[in-house]
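S.K.: Below: one structure in structure tokens.
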Amino acid sequence: MAGPMKMRATLSGGVTDVRVLMTHPMETGQRKDPDGKLVPLHFIQNVTLKVNGKTVVESQISQGISRNPVFTFRIKGGAKGDRIEVSWIDNHGETNQTETAVA
Amino acid sequence: MRSKVTPGDQSPLKNRPNASPVVSGPQPVNGLAAIVLKPFAALAATWNKDGFGAKTAADALKTLGASNPVASRDVVIEAPQIAENGAVVPIEITSNVPGTTSIAVLIDKNPFPLVGKFDFMEGALPFVKLNAKVGETSEVRVVAEALGKHYVATQEIKVTIGGCGG
């Protein structure tokens with residue numbers, strides 16, 4: 708069910724930019740399907756960013772975030788090869804995660 | 012309606028001695044209840060249910076302990092003044108307030124204004140860029156928390172319907 712994630716982490720000028728894309732419908736619970744039935748609420752609630760295993764950003768988000776969410780975070784310093792991990796959990800308890808190395 | 016319990020109909024069940032057609036009715040209901048209840052137990056500690064369920068920005072801010080934030084130019088919002096597509100509005104936020112530990116983003120006119128809260132620990136810069144849904148022309152309100160105090164900045168985003176750019 709959980710679609711692919713994409714992530715890129717680049718170091719530039721002493722700051723690491725982490726850009727992550729998650730595949731998720733982010734249903735608001737207010738949209739109707741073609742048959743006129745409400746599509747149930749289904750959205751990511753928590754997004755966690757870790758650097759070398761240490762949590763640096765904890766996010767709580769709502770259904771007000773756009774479909775297939777994209778976030779950019781910034782980390783002070785960092786070095787090429789640092790391990791960046793992002794994970795999410797939605798209101799159905801589904802989860803996904805991805806990791807990359809700083810380039 | 013024909014009876015469910017006839018000797019001929021039981022043949023698919025003969026290897027499942029406990030499976031009774033009589034109790035099969037309530038079972039899907041119990042299963043559904045379990046699916047609905049489970050996630051709440053798992054997430055109760057880390058998701059601000061009251062804040063995200065609040066229908067006004069003021070109520071949401073109360074749950075963050077930020078009822079009276081101080082206006083600050085050090086909270087910087089970069090967002091389009093006019094968004095033709097309210098489904099995907101890019102919003103970039105930087106807090107230049109020293110010691111910022113969290114940023115909350117609210118879209119005043121959305122049915123549930125609070126769209127996100129980001130807690131920054133040692134190593135992260137108080138910055139986030141996200142895409143939000145903006146249902147109608149609204150203020151976007153960003154509240155940064157630093158050393159126990161709250162600072163706010165707002166910007167209006169106009170949403171045009173039909174993409175005519177007006």
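Protein chains in written order, with my numbering: chain A, 708 to 810; chain B, 12 to 177.
For glycine and all other residues, C-beta sits at the position ideal for the given N, C-alpha and C.
1) How about Ser769 of chain A: is its C-beta nearer than 8 Å to some C-beta of chain B?
2) For the segment 747 to 776 of chain A, which residues have a CB atom closer than 8 Å to at least one CB atom of chain B, in sequence order?
3) Between the alpha carbons of Gln38 of chain B and Arg738 of chain A, how many angstroms are there, rounded?
4) What does DSSP give as the partner residue(s) for Arg790 of chain A in the beta ladder?
5) Applying the criterion that 16 or more other CB atoms from any shown protein chain within 10 Å of the CB defines a buried residue, is Ala143 of chain B buried or exposed?
6) Taking only the alpha-carbon atoms, compute the straight-line gap between Ile114 of chain B and Val153 of chain B and give it to the nearest angstrom.
7) Tell me which same chain residues have a C-beta within less than 6 Å of the C-beta of Gly785 of chain A, skipping the five on either side of it?
8) Can you tell me whether Pro711 of chain A is buried or exposed, with buried defined as 16 or more other CB within 10 angstroms of its CB?
9) Which residue wins for smallest C-alpha separation from Gln65 of chain B, given the options B:Val126, B:Thr57, B:Val86 and B:Ile104?
10) Could you have a look at Asp740 of chain A and say whether DSSP puts it in helix, strand or coil?
11) Leu125 of chain B versus chain A: which residues are under 7 Å apart at the beta carbon?
12) Tell me where the alpha helix (DSSP H) around Ala71 of chain B begins and ends.
13) Applying the criterion that 16 or more other CB atoms from any shown protein chain within 10 Å of the CB defines a buried residue, is Thr111 of chain B buried or exposed?
14) Give me the Cβ distance between Val87 of chain B and Ala157 of chain B, rounded to the nearest whole Å; I'm assuming they're in contact under 8 Å.
15) For Gln767 of chain A, does the count of other Cβ atoms within 10 angstroms reach 16, so buried, or fall short, so exposed?
16) Tell me whether Lys120 of chain B sits in a helix, a strand or coil according to DSSP, three-state version.
17) State the CB to CB distance for the pair Met733 of chain A and Ile772 of chain A, rounded to an integer number of angstroms; the pair is presumed to be in contact (CB under 8 Å).
18) Within 10 Å of its beta-carbon, does Leu745 of chain A have 16 or more other beta-carbons around it, so buried, or fewer, so exposed?
19) Taking Leu756 of chain A as the reference, give the member of A:Pro741, A:Thr735, A:Thr779 and A:Ser769 with the closest Cα.
20) Decide if Ala69 of chain B is buried, meaning its Cβ has at least 16 other Cβ atoms within 10 Å, or exposed.
21) Mind checking the segment 101 to 119 of chain B against chain A and listing, in chain order, the residues whose C-beta falls within less than 7 Å of any C-beta there?
22) Could you compute how far the alpha carbon of Asn60 of chain B sits from the alpha carbon of Glu765 of chain A?
M.R.: Looking at the coordinates:
1) By this cut-off, Ser769 of chain A is an interface position.
2) Of all residues in the segment 747 to 776 of chain A, Gln752, Asn753, Leu756, Val758, Lys761, Thr762, Val763, Val764, Glu765, Ser766, Gln767, Ile768, Ser769, Gln770, Gly771, Ile772, Ser773, Arg774 and Pro776 have a Cβ within less than 8 Å of some Cβ in chain B.
3) At Gln38 of chain B, the pLDDT of 48 sits below 50, so the modelled position is not reliable; the number obtained from the coordinates is stated separately. One C-alpha to the other measures close to 29 Å.
4) Its beta-bridge partners are A:Ala808.
5) Counting Cβ neighbours within 10 Å, Ala143 of chain B comes out buried, since at least 16 surround it.
6) Linking Ile114 of chain B to Val153 of chain B through their CA atoms gives a straight-line distance of about 7 Å.
7) Cβ within range, chain order: Leu718, Thr723 and Val809.
8) That one is exposed.
9) Checking the sequence, you will find Ala at residue 65 of chain B rather than Gln. Ranking B:Val126, B:Thr57, B:Val86 and B:Ile104 by Cα distance to Ala65 of chain B puts B:Val126 first.
10) In this structure, Asp740 of chain A counts as coil in the three-state DSSP scheme.
11) Neighbours of Leu125 of chain B across chain A, judged by C-beta separation under 7 Å: Ser769.
12) Ala68 to Thr74 is the extent of the alpha helix (DSSP H) around Ala71 of chain B.
13) It is buried - the Cβ of Thr111 of chain B has at least 16 other Cβ atoms within 10 Å.
14) A Cβ-Cβ separation of about 14 Å leaves Val87 of chain B out of contact with Ala157 of chain B under the 8 Å criterion.
15) Around the Cβ of Gln767 of chain A, a 10 Å sphere holds 16 or more other Cβ atoms; the residue is buried.
16) It is coil, neither helix nor strand.
17) The beta-carbon separation of Met733 of chain A and Ile772 of chain A, rounded to 6 Å, stays under the 8 Å limit for a contact.
18) Its Cβ having fewer than 16 others within 10 Å, Leu745 of chain A is exposed.
19) Scanning A:Pro741, A:Thr735, A:Thr779 and A:Ser769 for the CA closest to the CA of Leu756 of chain A turns up A:Thr779.
20) Classification for Ala69 of chain B: exposed.
21) Result list: Ile118.
22) Note that residue 60 of chain B is Lys in the sequence shown here, rather than Asn. The straight-line gap from Cα to Cα measures roughly 16 Å.
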